[in-house]
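Here's the structure, in structure tokens; my notes come after.
2 protein chains.
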Amino acid sequence: MTTDNHNKNAGDSILEKPISRRDILRLAGVGGAGLLLGASGVGAIFGAKGTTVSGAAKSSDKADRVEFFGKHQAGITTPAQDFLMFAAFDLTTGSVDEVRKLFKAWTEASAAMAKGDMIGENNENLNLPPSDTGEAAGLHPSRTTITFGVGPTFFDSRFGLSSKRPAALVDLPPFGGDELREEWSGGDIGVQVNANDMQIAFHAIRNLARIARGKAVLRWTQEGFQRTGGADPTGATPRNLMGFKDGTGNPDTKNDALMNDVVWAQSGDGTPWMAGGSYMVVRRIRIRVEVWDRSTLGDQEATFGRHRQSGAPIGSSNEFDPVDLSKKDEKGKPLIPVHSHVALARGDGSIKILRRSYSYSSGMDNRTGQFDAGLLFICYNRDARKQFIPMQQKLGQNDVLNEYIVHNGSAVFACFPGVREGGYIGDTLL
Amino acid sequence: MTTDNHNKNAGDSILEKPISRRDILRLAGVGGAGLLLGASGVGAIFGAKGTTVSGAAKSSDKADRVEFFGKHQAGITTPAQDFLMFAAFDLTTGSVDEVRKLFKAWTEASAAMAKGDMIGENNENLNLPPSDTGEAAGLHPSRTTITFGVGPTFFDSRFGLSSKRPAALVDLPPFGGDELREEWSGGDIGVQVNANDMQIAFHAIRNLARIARGKAVLRWTQEGFQRTGGADPTGATPRNLMGFKDGTGNPDTKNDALMNDVVWAQSGDGTPWMAGGSYMVVRRIRIRVEVWDRSTLGDQEATFGRHRQSGAPIGSSNEFDPVDLSKKDEKGKPLIPVHSHVALARGDGSIKILRRSYSYSSGMDNRTGQFDAGLLFICYNRDARKQFIPMQQKLGQNDVLNEYIVHNGSAVFACFPGVREGGYIGDTLL
Ligand code: HEM
Ligand code: HEM
Numbered sequence: 001m002t003t004d005n006h007n008k009n010a011g012d013s014i015l016e017k018p019i020s021r022r023d024i025l026r027l028a029g030v031g032g033a034g035l036l037l038g039a040s041g042v043g044a045i046f047g048a049k050g051t052t053v054s055g056a057a058k059s060s061d062k063a064d065r066v067e068f069f070g071k072h073q074a075g076i077t078t079p080a081q082d083f084l085m086f087a088a089f090d091l092t093t094g095s096v097d098e099v100r101k102l103f104k105a106w107t108e109a110s111a112a113m114a115k116g117d118m119i120g121e122n123n124e125n126l127n128l129p130p131s132d133t134g135e136a137a138g139l140h141p142s143r144t145t146i147t148f149g150v151g152p153t154f155f156d157s158r159f160g161l162s163s164k165r166p167a168a169l170v171d172l173p174p175f176g177g178d179e180l181r182e183e184w185s186g187g188d189i190g191v192q193v194n195a196n197d198m199q200i201a202f203h204a205i206r207n208l209a210r211i212a213r214g215k216a217v218l219r220w221t222q223e224g225f226q227r228t229g230g231a232d233p234t235g236a237t238p239r240n241l242m243g244f245k246d247g248t249g250n251p252d253t254k255n256d257a258l259m260n261d262v263v264w265a266q267s268g269d270g271t272p273w274m275a276g277g278s279y280m281v282v283r284r285i286r287i288r289v290e291v292w293d294r295s296t297l298g299d300q301e302a303t304f305g306r307h308r309q310s311g312a313p314i315g316s317s318n319e320f321d322p323v324d325l326s327k328k329d330e331k332g333k334p335l336i337p338v339h340s341h342v343a344l345a346r347g348d349g350s351i352k353i354l355r356r357s358y359s360y361s362s363g364m365d366n367r368t369g370q371f372d373a374g375l376l377f378i379c380y381n382r383d384a385r386k387q388f389i390p391m392q393q394k395l396g397q398n399d400v401l402n403e404y405i406v407h408n409g410s411a412v413f414a415c416f417p418g419v420r421e422g423g424y425i426g427d428t429l430l
Numbered sequence: 001m002t003t004d005n006h007n008k009n010a011g012d013s014i015l016e017k018p019i020s021r022r023d024i025l026r027l028a029g030v031g032g033a034g035l036l037l038g039a040s041g042v043g044a045i046f047g048a049k050g051t052t053v054s055g056a057a058k059s060s061d062k063a064d065r066v067e068f069f070g071k072h073q074a075g076i077t078t079p080a081q082d083f084l085m086f087a088a089f090d091l092t093t094g095s096v097d098e099v100r101k102l103f104k105a106w107t108e109a110s111a112a113m114a115k116g117d118m119i120g121e122n123n124e125n126l127n128l129p130p131s132d133t134g135e136a137a138g139l140h141p142s143r144t145t146i147t148f149g150v151g152p153t154f155f156d157s158r159f160g161l162s163s164k165r166p167a168a169l170v171d172l173p174p175f176g177g178d179e180l181r182e183e184w185s186g187g188d189i190g191v192q193v194n195a196n197d198m199q200i201a202f203h204a205i206r207n208l209a210r211i212a213r214g215k216a217v218l219r220w221t222q223e224g225f226q227r228t229g230g231a232d233p234t235g236a237t238p239r240n241l242m243g244f245k246d247g248t249g250n251p252d253t254k255n256d257a258l259m260n261d262v263v264w265a266q267s268g269d270g271t272p273w274m275a276g277g278s279y280m281v282v283r284r285i286r287i288r289v290e291v292w293d294r295s296t297l298g299d300q301e302a303t304f305g306r307h308r309q310s311g312a313p314i315g316s317s318n319e320f321d322p323v324d325l326s327k328k329d330e331k332g333k334p335l336i337p338v339h340s341h342v343a344l345a346r347g348d349g350s351i352k353i354l355r356r357s358y359s360y361s362s363g364m365d366n367r368t369g370q371f372d373a374g375l376l377f378i379c380y381n382r383d384a385r386k387q388f389i390p391m392q393q394k395l396g397q398n399d400v401l402n403e404y405i406v407h408n409g410s411a412v413f414a415c416f417p418g419v420r421e422g423g424y425i426g427d428t429l430l
């Protein structure tokens, strides 16, 4: 009963009730009166839509709010936030109708969370489980984005959708050096939550899991981080756990033509319902931190083909200097080694992907006593068959970086096009 | 060779070379010239101690810097930062002398990291492993604190220190409901790193582990978070993953007399080398998130004895209203239930501890498909026999909160008194 109740309320009422998490908190501060007021009471005090009193706070919130609805899903070309909570779900229902209900409820909850609002309206009734778990109450929206996709298994026989599976949503082939583990692989549905606050990112996945009860269960999750904005107000390219700047060579997300070429599936690509969506590849890549830390700076720089401090290509001075693979030293050897990560990943420059990875630290590997830390590599591309796969085939075979890393998780998802207000995630498919 | 070299350099040179991580980055930006300059070259350009050019940046750094040296270790009564990386180490050396060397190297590295400096001087020499792993380069100090303690096993037969074991450093007795796991328990040494940046916190433990090579190994680690300051500029009491404000009832850390009573071991307490130190209890407490989320708001509030939104004691309006356990409802029942967490933890108010806990999210428990999320409970007290233990005995037996939590890790450490500049952690003991 509580489940149905909860989903129903989440579904019915969020878009009409833009009371922010901050409003509710502030109300509660007013002598606890908030506890006694139903939602209508709140409206009665503050006027329609609760905008009167909290206007100032709302507009300051706006600066750190990313719109959930739009042509494309947020969280793909959106400048990367500081934290990640990634989750893969498996559906437990066999009914397309239930999936549709789930996607609708998720859409409304996600739109609320992106705004910094509480989920649902049962947050003051003592006799019900709260419709929002509450740990993000009072926090700014913090640029929350929630990005949804479906994996290859979504198109198996269960839902009669096999004929709609995009040709570009292939099962990834095995790559050199793969040591994939079930516990960090696959999923019917993939959800990437990013925010400038870890607690908000956790809150989002937790509440989506809760809303999914009876329809889907968590398959695997991974937390991730970068340096926080406060620790680096210059906004410089963040460093990964190998100490190198990571993201320098990414294509320019402000260049629409380039994004249409590299990231966004196009209507002519063979899967009309994916037009404006993108294919996400997730790889959980452990870094052999202890081995890396014993290698010389020279070896480290040769591994990437870039300088550690500046991030510049070897032989150049500035991070954004062009990568010129033809430059040679006095002995005629390429300055950027041919099997360095950058040389191989770049190739002739014709294949590009948009990387959006996060560092992770997940305690220790108890069998070895070493850190379980590394990179939750996430990239978006228009067609993995032409972009991620050939790139990773080269890297898996020859990248000198392989001495220091191991891929232990893998998943691919077709991320839906953006949702228009009133629609729901996946509505072009379902 | 590289190990010795590294430790030697870390030991010799940090205090004399206050070049910040930010300076080095800025240097590297100047046409990559930094790459060609040895440490002395840097000094030569910028004048003694590298203060000339970067004065402005340094003073802005100062605001978010917590001094490592002092009467007490930082990280105990220091206002809580946003992130935690906790690590327990086991010593692999059997020599007290090596332990002393380790503690000296850790002291210098920690003092450097608290300032936002790079560790050691081998960060530009291509032929050596860098003495700092580099992922925190360019970041503000971010209020980094690093707090060290030793566990009961430190005083076993290995180092001839059994006679110095504080009587207050007892092995914790079993408590009701304990489901402790080796993988999250114990340790010869405990290190609590806090910072307003997760990457900096990770960097600190990683570099301490690296410096320990050949002397100590990681036993277990745990990452933790709160909401970040940016998500809540009001600085309100943060909420835990049960959605409740956590920390309200903590004793006032600005009250020195109270801290001497509750937190700091005193010279008359029987262990002179611990005077000014404190005993840290760590409990890894998983929250049964899924069960909690199905309980009603009324049950949740009755569990803690406080209101969720305001954090006020049940029946009161404001978070900091006094907790009055004698207040009754019209039927004569206590407003704050007698077996609620707050009623039991508070008791008659005579036993106090200083809590300094962090939420954690560590992926999933693969056996159950549930979140492995909860609270890394950390508290400091002057004598666990009189404070934490009797309190947890009551809670373990009767706390209604037990329906929703399980203690799966446990450790205790005697945290040294503060280190005076020129000294090293544990020098009053060793
Ligand atoms: C732990 C694993 C990895 C680490 C630490 C890592 C790190 C880096 C670093 C430091 C750079 C240079 C700076 C930059 O341009 O961002 C780079 C570039 C790049 N990486 Fe990776 N990477 C990893 C895995 C991968 C994977 C799996 C792929 C794709 C299959 C990939 C694709 C690329 C590409 C396309 C570039 C840009 C090359 C260019 O055009 O200059 N990386 N990576
Ligand atoms: C997951 C485990 C726990 C959770 C979620 C939790 C949560 C809370 C909350 C919400 C409060 C009320 C607000 C506040 O005063 O901070 C509180 C109070 C308190 N808790 Fe816990 N707690 C946990 C475990 C423990 C443990 C293991 C102890 C000590 C053995 C403890 C000792 C206290 C104390 C002393 C108070 C203050 C009581 C007062 O004087 O008002 N807690 N806790």
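Quick mapping for you: the protein sequence lines, in order, are chains A and B.
Going by UniProt numbering, the residue at position 222 of the first sequence is 222; the numbering climbs one at a time, nothing skipped.
Going by UniProt numbering, the residue at position 21 of the second sequence is 21; the numbering climbs one at a time, nothing skipped.
For every residue, glycine included, the Cβ atom is placed at its ideal position computed from N, Cα and C.
What residues match up with residue i in a beta bridge as DSSP calls it?
i       : result
E223(B) : M85(B)
G190(A) : A88(A) and G149(A)
G409(B) : R284(B)
G374(A) : R286(A) and Y360(A)
H217(A) : Before going on, a small fix: residue 217(A) reads as Val here, not His. The partner list for V217(A) (beta bridge, DSSP) reads D90(A).
S185(A) : S410(A)
S278(A) : C415(A)
Please compile the residues from chain B whose C-beta is within a distance smaller than 8 Å of the C-beta of residue i.
i       : result
F371(A) : R206, A209, L218 and T221
D269(A) : Ordered by position in chain B, no residue passes the 8 Å Cβ test against D269(A), which lies about 34 Å from the chain.
Could you tell me how far apart the beta carbons of residue i and residue j are, in whole angstroms, since I believe they sit closer than 8 Å?
i       : j       : result
R286(B) : I405(B) : 7 Å
T77(A)  : M259(A) : 6 Å
A114(B) : F68(B)  : 4 Å
Q222(A) : Y360(A) : 6 Å
R65(B)  : G116(B) : 7 Å
At a threshold of 7 Å, does residue i count as lining ligand 2 (C-beta to nearest heavy atom)?
i       : result
F304(B) : yes
G374(A) : no
A345(B) : yes
L180(B) : no
G247(B) : yes
Does the Cβ of residue i lie closer than 7 Å to at least one heavy atom of ligand 1?
i       : result
M280(A) : no
N250(A) : yes
V96(B)  : no
G176(A) : no
V342(A) : yes
M364(A) : no
L395(A) : yes
V323(A) : yes
R288(A) : no
Can the beta-carbon of residue i be found less than 8 Å from the beta-carbon of residue j?
i       : j       : result
C415(B) : Q81(B)  : no
A265(B) : G277(B) : yes
V291(B) : I353(B) : no
G224(A) : L401(A) : no
H407(A) : F175(A) : yes
I425(A) : F148(A) : yes
R165(A) : G134(B) : no
Counting only Cβ pairs nearer than 8 Å, list the residues of chain A close to residue i.
i       : result
N381(B) : By Cβ distance, chain A contributes nothing, its closest Cβ being about 26 Å from N381(B), past 8 Å.
Along chain B, which residues have their Cβ under 7 Å away from the Cβ of residue i?
i       : result
S362(A) : S362 and G363
Closer than 7 Å by beta-carbon distance: list the chain A residues that pair up with residue i, in chain order.
i       : result
D293(B) : P129, T133 and R210
A236(B) : G138
Show which residues of chain B have a CB atom less than 9 Å away from the CB atom of residue i.
i       : result
A137(A) : R239, G243, R308 and Q309
N196(A) : T228, G230 and A231
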